[in-house]
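Engineer: Take the sequence shown: its letters are residues 8 to 374, numbered as in this note's numbering. Supplied in structure tokens, the structure appears directly below.
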Amino acid sequence: MTTQSLANSLFRPEVLALSAYHVADAQGFIKLDAMENPYTWPENIKSAWLESLRDSPLNRYPDPEAKQLSTLLKQQNGVSDGYSILLGNGSDELIQLLLMALPPSASVLAPAPGFVMYKQISVSLGLNYLAVPLLADSFELDLPAMLAAISEHQPAVIFIAYPNNPTGNLFDTSAINSILAAAQGLVVIDEAYAPFANDSFMDKLSDYPNLLVMRTVSKLGLAGLRLGYLVGDSGIIGQLNKIRLPYNINCLTQLTVEFALAHQELFEQQTAAICAERTRVLTALNALNALNALNGITAFPSAANFILFKTPHGQADALFNGIKQQGVLIKNLNPQGGLLTDCLRVTVGTPEENTAFLNALTKSLAA
Ligand code: PMP
Numbered sequence: 008m009t010t011q012s013l014a015n016s017l018f019r020p021e022v023l024a025l026s027a028y029h030v031a032d033a034q035g036f037i038k039l040d041a042m043e044n045p046y047t048w049p050e051n052i053k054s055a056w057l058e059s060l061r062d063s064p065l066n067r068y069p070d071p072e073a074k075q076l077s078t079l080l081k082q083q084n085g086v087s088d089g090y091s092i093l094l095g096n097g098s099d100e101l102i103q104l105l106l107m108a109l110p111p112s113a114s115v116l117a118p119a120p121g122f123v124m125y126k127q128i129s130v131s132l133g134l135n136y137l138a139v140p141l142l143a144d145s146f147e148l149d150l151p152a153m154l155a156a157i158s159e160h161q162p163a164v165i166f167i168a169y170p171n172n173p174t175g176n177l178f179d180t181s182a183i184n185s186i187l188a189a190a191q192g193l194v195v196i197d198e199a200y201a202p203f204a205n206d207s208f209m210d211k212l213s214d215y216p217n218l219l220v221m222r223t224v225s226k227l228g229l230a231g232l233r234l235g236y237l238v239g240d241s242g243i244i245g246q247l248n249k250i251r252l253p254y255n256i257n258c259l260t261q262l263t264v265e266f267a268l269a270h271q272e273l274f275e276q277q278t279a280a281i282c283a284e285r286t287r288v289l290t291a292l293n294a295l296n297a298l299n300a301l302n303g304i305t306a307f308p309s310a311a312n313f314i315l316f317k318t319p320h321g322q323a324d325a326l327f328n329g330i331k332q333q334g335v336l337i338k339n340l341n342p343q344g345g346l347l348t349d350c351l352r353v354t355v356g357t358p359e360e361n362t363a364f365l366n367a368l369t370k371s372l373a374a
């Protein structure tokens, strides 16, 4: 028996049918494809950080509950008694953990386009994944369609990214409130891009017992550490905690996030710089459109650290490749089809990186 047929005979069909999550090789490129913070830390902060790690007990397992870090995150997010926090190796792991707790017959619902891991993990676990398209012009939630899907399929979990990836917008809060009220299952408000948005559902936990709020330190500027957290009712979080692997947050991540949380002002400055550049890039993209109305692009407003834009019909792949040939890597969403046909997504980088992107796009449009 070949190893391939061994795998075929052992693994679930839904696993065999999956494609691995592809991450483009960014070596040598200006990297504007993955919503990372482009800034690192000043030398004095780096030295203080290294010093704080000097005596880390690498020979020991980390604190399995990351108590100190959990307490800090609870304080920082104003999480009150009765609510708990669950830490994950990135919020990706928390999505997996939550879905792993569901019975095989469960349904999972999310608007589309949305964050790809909701579907990828649901499908890998054999769950019934349902996508409800957003409204075409505004990328708003189609509330009647969402409510109809909830009533028909009674999803165990609904994921709503706020702001949404890849569209960048904050959905109408009254639509989300209606979904929270109608859902019999859990509703995860995924606030991965919270550092760039001025709104949150964290203070609505007491209004809805089925609400879970998920966050990550990745977009803030700590993507390499892999730390996400899920906040919600202690009864629900307590159950999920049973299937968490005991040492999922390594000791260097625990210590480094604690160190970083003590240097909030640094992240606030970086986030403010990114938001200012977001305005500049959006304005520049719209100006490009005005210059060349027939052959122009349409950029969508964003409350996150990236901007989605639509290219002239049929040109997204060529423009993506043209920009790449000039050394700038962004994300081509055109292959995903549906509302993302003709769409590209650019992460907001440093002023220099953004200028390089805008120049590369302008040149590619003219080619
Ligand atoms: N949620 C959303 C909406 C995202 O866009 C991403 C990352 N692209 C994640 C969660 C995963 O973040 P993490 O790095 O914490 O796994």
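Where a beta carbon is used, it is the ideal one built from N, C-alpha and C, also for glycine. As the structure is a prediction and not an experimental result, all values here were calculated from the model.
#1: Should residue 97 be listed as close to the ligand PMP, given that the test is whether its C-beta is under 6 Å from any heavy atom?
#2: Considering only the beta carbon of each residue, do residue 121 and residue 309 sit closer than 7 Å?
#3: Do you know offhand how far residue 198's Cα is from residue 290's?
#4: Which of helix, strand or coil does DSSP assign to residue 352?
#5: Within the region 214-279, note down every full beta strand (DSSP E) run reaching 3 residues or more, in order along the chain.
#6: Tell me which residue opens and which closes the beta strand (DSSP E) that residue 315 is part of.
#7: Between the beta-carbon of residue 264 and the beta-carbon of residue 76, is there less than 7 Å?
#8: If you follow the beta strand (DSSP E) that residue 1 is part of, which residue opens it and which one closes it?
#9: On a CA-only basis, which of 296, 284, 46 is nearest residue 230? Give me that one, please.
#10: Starting from the N-terminal side, write out each stretch of the beta strand (DSSP E) that is 3 residues or longer and does not extend beyond the region 58-131.
#11: How about residue 360 and residue 37: do their beta carbons lie closer than 7 Å?
#12: Take residue 85 as the anchor and find which of 305, 269, 210, 153 has the nearest alpha-carbon.
#13: Just to confirm the assignment, what range does the beta strand (DSSP E) spanning residue 193 have?
#14: Does the beta-carbon distance from residue 327 to residue 292 come in below 7 Å?
#15: Which partner residues does residue 137 have in the DSSP bridge list?
#16: Under 7 Å, do residue 235 and residue 98 count as touching if we go by C-beta distance?
#17: Using the C-alpha atoms, what's the distance from residue 252 back to residue 69?
#18: What residue range does the alpha helix (DSSP H) around residue 168 cover?
#19: Can you say whether residue 364 is buried or exposed, counting buried as having 16 or more other CB atoms within 10 angstroms of its CB?
#20: How about residue 217: is its Cβ closer than 6 Å to a heavy atom in the ligand PMP?
#21: Could you say which of 267, 312, 16, 40 lies nearest to residue 60 if we only look at CA atoms?
#22: In terms of residues, what are the limits of the alpha helix (DSSP H) holding residue 12?
#23: Residue 181 lies in the alpha helix (DSSP H); which residues open and close that run?
#24: What three-state label does DSSP hand residue 361 in the structure shown?
#25: Would you say residue 323 and residue 349 are within 7 Å of each other, going by their C-beta atoms?
#26: Between residue 149 and chain D, is any beta-carbon pair separated by less than 7 Å?
#27: Express the C-alpha separation of residue 347 and residue 341 in angstroms, rounding to a whole number.
#28: Check residue 293 in the structure and name its three-state DSSP category.
#29: How many angstroms separate the CA atom of residue 190 from the CA atom of residue 157?
#30: Any idea which residues DSSP pairs residue 22 with across the strands?
#31: Would the C-beta of residue 207 count as close to the ligand PMP, meaning under 6 Å from any of its heavy atoms?
#32: Please report the straight-line C-alpha distance between residue 148 and residue 179, rounded to a whole angstrom.
#33: How would you write the range of the alpha helix (DSSP H) that residue 332 sits in, first residue to last?
#34: Looking at the structure shown, is residue 335 part of a helix, part of a strand, or coil, going by DSSP?
#35: Note down, in chain order, each residue of its chain lying with its Cβ closer than 6 Å to the Cβ of residue 102, except the 5 sequence neighbours on either side.
#36: Check the DSSP bridge columns for residue 305 and list the partner residues they point to.
Structural biologist: On the basis of the supplied data:
#1: Under cutoff, so the answer is yes.
#2: Cβ distance not < 7 Å, so residue 121 and residue 309 don't count as in contact.
#3: Each residue's alpha carbon lies about 25 Å from the other.
#4: Here residue 352 sits in strand by DSSP.
#5: Whole beta strand (DSSP E) segments, 3+ residues: 218-223, 235-240.
#6: For residue 315, the enclosing beta strand (DSSP E) stretches over residues 313-317.
#7: A contact, by the Cβ cut-off of 7 Å.
#8: Any property of residue 1 remains undetermined from this structure, which presents the chain solely from 8 to 374.
#9: When each option's Cα is compared against that of residue 230, the closest is 46.
#10: List check, beta strand (DSSP E) in window: 90-95, 114-119.
#11: Yes, the pair counts as a contact, with Cβ atoms nearer than the cut-off.
#12: Minimum Cα distance to residue 85 is reached at 210.
#13: For residue 193, the enclosing beta strand (DSSP E) stretches over residues 193-197.
#14: It is not a contact, given that the beta carbons lie outside the stated cut-off.
#15: Note: residue 137 is bridge-paired with 116 in the DSSP secondary-structure output.
#16: Yes; because the gap between Cβ atoms is below 7 Å, this pair is in contact.
#17: Linking residue 69 to residue 252 through their CA atoms gives a straight-line distance of about 12 Å.
#18: Residue 168 -> not in any alpha helix (DSSP H); beta strand (DSSP E) instead, spanning 164-168.
#19: By the neighbour-count definition (other C-beta atoms within 10 Å, threshold 16), residue 364 is a buried residue.
#20: If you check the C-beta of residue 217 against the ligand PMP, you find no heavy atom less than 6 Å away.
#21: Nearest C-alpha to residue 60: 267.
#22: Note, residue 12: alpha helix (DSSP H), 10-17.
#23: Note, residue 181: alpha helix (DSSP H), 180-189.
#24: Of the three classes helix, strand and coil, the one that applies to residue 361 here is helix, per DSSP.
#25: The answer is yes: Cβ separation under 7 Å.
#26: This model lacks chain D altogether, as it is built from one protein chain only.
#27: Cα to Cα, the separation comes out at about 6 Å.
#28: It is helical.
#29: Their Cα atoms are separated by approximately 6 Å.
#30: In the DSSP assignment, residue 22 forms no beta bridge with any residue.
#31: For residue 207, the CB stays at least 6 Å from every heavy atom of the ligand PMP.
#32: About 7 Å.
#33: Residues 323-332.
#34: The three-state secondary structure of residue 335, taken from DSSP, is strand.
#35: Counting only Cβ-Cβ distances below 6 Å, and skipping sequence neighbours, we find 124, 128.
#36: Looking at the DSSP assignment, residue 305 forms a beta bridge with 317.
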